[in-house]
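Have a look at the structure below, then the notes.
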Amino acid sequence: MEPGNSGVLVAVIVLLFCFCLDFGAAVDTITASRSIRDPESIISSGNAFKLGFFSPGNSSNRYVGIWYNDASEAVIWVANRNKPLNDASGVVNISDDGRLVVLNEQREVLWSSNVSNSVANATAQLLDSGNLVLYDNNNGSLWESFDEPTNTFMRRMKLTTNVRTGENVMLTSWKSPSDPSIGSFSAGLNLLNIPQVFTWNNNIPFWRSGQWNGREFIGITNVTSVYLGGFELVENTAEGTASLSFEFAIDSTTYFVLDTEGRLLQNNQVDGKEEWQIRQTYPENVCDVYGKCGEFGICGPRSEPICTCLRGFEPKNIEEWSRGNWTNGCVRRTPLQCESINKTGDAGKQDGFLKFEMLKLPDFAERTTALEDLCRELCLSNCSCIAYAYDAGIGCMSWRDNLTDVQQFYSKGTDFYIRVAHSELAADKKDMKVVIIVPVVVGAVVIAISAFFLWRWMAKRKAMKEKNSLLQLEERRRNISAENKSKDKLQDLPLFDFEKLATATKDFHLMNKLGEGGFGPVYKGILEDGQEIAVKRLSKASGQGIEEFMNEVMVISKLQHRNLVRLLGCCIDGEEKMLIYEFMPNKSLDAFLFDPEKRELLDWSNRFNIIEGISRGLLYLHRDSRLRIIHRDLKASNILLDEELNPKISDFGMARIFGGNQDQANTIRVVGTYGYMSPEYAMEGRFSEKSDVFSFGVLLLEIVSGRRNAGFYQDDLALSLIGYVWKLWNENNIVASIDPVISDPLYQLEVLRCIHVGLLCVQEFVKDRPTMSTIISMLNSEILDLPTPKQPAFIESQGAFETESSEKSLKKHSVNYVSITVVDGR
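Read in order, the letters of the sequence shown correspond to residues -26 to -1, 1 to 800 in mature numbering (1 follows the signal peptide of the UniProt record, and there is no 0).
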């Protein structure tokens, strides 16, 4: 090799070596001279976290964030959450004044770190804790991402509050899984009297942890040893500040995230693997929701109903309370005598305290340093004190205002004492006496009656011996016959073990809850073999007897069609009655059809497949099954979608079975869902196959238009969705009703045919509506010339009239909602 070439080679090697050194030093760092551009990223030195550009969920927007550098890629922090990039032109760098900034292609600052003073030679480093720290040239911290969290609470991070300045470091939820901008929920510390953790929904309390006693939050019962050993709350009462942090022995094994529904989820890593599991959820059950039962109400998740008034109190509005609207709470039944204490000096002592065990203590507690023995006397001597409790870590707590957010626990919890009038104490003691006396008296009466009948039986025994023998023999024969019939019936039923269902649903955990209707909640479960199921747990208030339940399960199990949700079996265990259905991973049609993002997945091919599948399922119910069934509650939320978006009709809770020659029936109990009921059914209680046809027509118009019938309202003309489509039909502008997602001219004729069929289905008079078999022929163009539709029913927005809703409340969408058939008299 020539000397000149050797020199060039050496120079190149030296330059490459220097470049590699420089690059290696910067793998976790951003400097003024070294920025990152989409899709570049930096990784913390221990490979735990990555900072870069990402697009969440179905969004095409680009954000700068930090996420776990593992298979989960769980995002823990977002910089430009409220100002996304709309393309891949983003840059993260250090500005001239030392700020960390996110820029778009036009060099517009979309986000910057909050640094007040200008600094030269600043650097930003991603640490293995997940914290992004901005340093000055002396390695002093200027800014940290942990001081401006988004929705995730990490180890070594601090949630803080300052009651004097009003400054708080708290979590804020994402708006949706595809939109990390600030959502409705926030979580942080509340320092009013005794520190607590709260989540708020638009600044209204949604959940609280209960009071901090120096070791744990006493309103959380299911804490683990890791939780007890890891959390630290530092309070400075003089300055009005507090901070909450956690530090566990093993690095990066736990973090908390505030999800879009306001739940605070504790995620744990399993045995050092990359797999994460949700270990705890707050709120865990419906009683954890703040103030569920109103003032002076107590919530018991195992009670039926869940809300009752505290002893000594009664519902403020008995009519609303009996309907299940508990927000008004309860009021004191008997006024306290304490107001006369200023006149007599001791009249207040006529009041006393009722003891409640194992409670989540109410909000707004005040504390003193008094010992436990003095706590009662202090409250009794103060007319403003209406309740007290004592915790060794907190001291004496008292309440002056209305008692809010009280919950009955079944393990742990705190003893609680409520001030009541003397007469209430006497009534409580009387109730206790009744509890003791009544069983004794009843027992004595039963023994006396038994002795009397035994004497009579013995007196007649000799004379009746032969006759009794014959009767006993006949009775035994009847019992054997009944047992054999029951066994035959049970053999036809696929029975599930209660314990296996409890294991499959993780003890019916709130995280596995898919929805809830009038008959009870539905849970997702995973059996031992990995099969996913939907478990309908019937509430005690559902009115179903065991024989009726078994007969109905057998009826539903005989329905077999690809467009009906399949019943896998049932479970009967004491008072527990459950139905097990196949699990539908894509939930319900309304979750797609009325969601601005998911509706894009429903192209015309998918929508027509759904329309056709629903029609074939209804035809099977009306004509092809061994039983003729009228569904009576067909709607988008009762159409479930499998993994390939094939439709399956669910929720036979309102269905009726017809006899062979029966074509219509009447009822005085109108059930169904507002907006889907035919006029003859809603107003006269008459229903038939054509009632389902009307509901199908409404659903067909919803699928084609992408508009919800129940929520559609055109202000200028007060039109319903049906009226809106009818108006466009008469104006020869029916194309305007088509959802833009399916407006491709290639499918327009087929779409218009479906609208035509939908209008035929919602005609006012029963005789004008086609049957399901005719509808299928129309949809498949087997009938080319369709009749002109006549004016539909309900073209104006309907006023309210009384019906029984098939769901307890109208939600944005439902998930895997299924219930059992109510077999009314035929």
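Backbone N, C-alpha and C fix where the C-beta goes; we use that ideal spot for every residue, glycine too.
Per the C-alpha coordinates, the member of Trp373, Lys572, Ser46, Arg540 positioned closest to Ser33 is Lys572. Our two residues, Phe426 and Met432, have alpha carbons roughly 10 Å apart in a direct line. Fully enclosed alpha helix (DSSP H) runs of no fewer than 4 residues occupy 722 to 735, 746 to 753 of the segment 696 to 766, in order along the chain. Less than 7 Å separates the beta-carbon of Glu118 from that of Asn105.
Sorting Val231, Gly268, Gly236, Gly265 by C-alpha distance to the C-alpha of Trp250 places Val231 at the top. The three-state secondary structure of Ile360, taken from DSSP, is coil. Rounded to the nearest whole angstrom, the CA to CA distance from Asp547 to Phe470 is 10 Å. Ser90 places its beta carbon 7 Å or farther from that of Arg73.
Around the beta carbon of Gly417, fewer than 16 other beta carbons lie within 10 angstroms, which makes this residue exposed. Bridge partners of Tyr109 according to DSSP: Thr97, Ser115.
Taking 7 Å as the cut-off, the Cβ atoms of Gly31 and Ser152 count as close.
Annotated three-state conformation of Ser662 is strand, per DSSP. Approximately 5 Å separates the beta-carbon atoms of Leu484 and Glu258; this is inside 8 Å, confirming the contact.
Boundaries for Asn164: no alpha helix (DSSP H) harbours it, while the beta strand (DSSP E) harbouring it runs 153 to 164, taken from the DSSP string. In terms of CA proximity to Gly26, Val66 leads the group Arg55, Val66, Asn612. Around Thr135, the same chain offers Asn142, Leu163, Leu165, Ala216 as residues with beta carbons nearer than 6 Å, after the five sequence neighbours per side are excluded. In its chain, beyond the 5 residues on either side, Ile631 have a beta carbon closer than 6 Å to the beta carbon of Leu601.
The criterion of a C-beta distance shorter than 7 Å is not satisfied by Cys304 and Cys273.
Bounds of any beta strand (DSSP E) do not take in Cys261, whose DSSP letter is neither H nor E. Using a C-beta cut-off of 8 Å, the segment 360 to 380 makes contact with the segment 388 to 402, since at least three inter-stretch Cβ pairs fall below that distance.
About 7 Å separates the CB atoms of Leu619 and Ile584; that is less than 8 Å, so the two are in contact. Nearest C-alpha to Leu145 among Cys312, Met128, Phe327: Met128.
For Gln240, the three-state secondary structure derived from DSSP is strand. Taking 7 Å as the cut-off, the beta carbon of Glu288 is found closer than this to the beta carbon of Arg307. Counting along the chain, the unbroken alpha helix (DSSP H) around Arg350 starts and ends at 346 to 354.
DSSP, read as helix, strand or coil, puts Asp547 in strand.
About 7 Å separates the Cβ atoms of Gln765 and Trp700, confirming a contact at the 8 Å cut-off. Taking C-beta atoms as the reference points, Asp379 and Gly543 fail to come closer than 7 Å. Contact between Ser63 and Glu82 does not hold, since their C-beta atoms are separated by about 11 Å, which reaches or exceeds 8 Å. Boundaries for Lys532: no alpha helix (DSSP H) harbours it, and the DSSP string shows neither H nor E there. Nearest neighbour of Ser183 by Cα position, chosen from Thr211, Asp337, Ser103, turns out to be Asp337. Leaving aside the five residues that flank Ser397 on each side, the residues in its chain whose CB is nearer than 7 Å to its CB run, in chain order, Thr308.
Taking 8 Å as the upper bound for CB-CB distance, Ser669 and Leu614 are not in contact here, some 16 Å apart. Residue pairing from DSSP places Gly326 in a beta bridge opposite Val394. Here DSSP, grouped into helix, strand and coil, assigns Val137 to coil.
Under DSSP, Glu574 forms no beta bridge with any residue.
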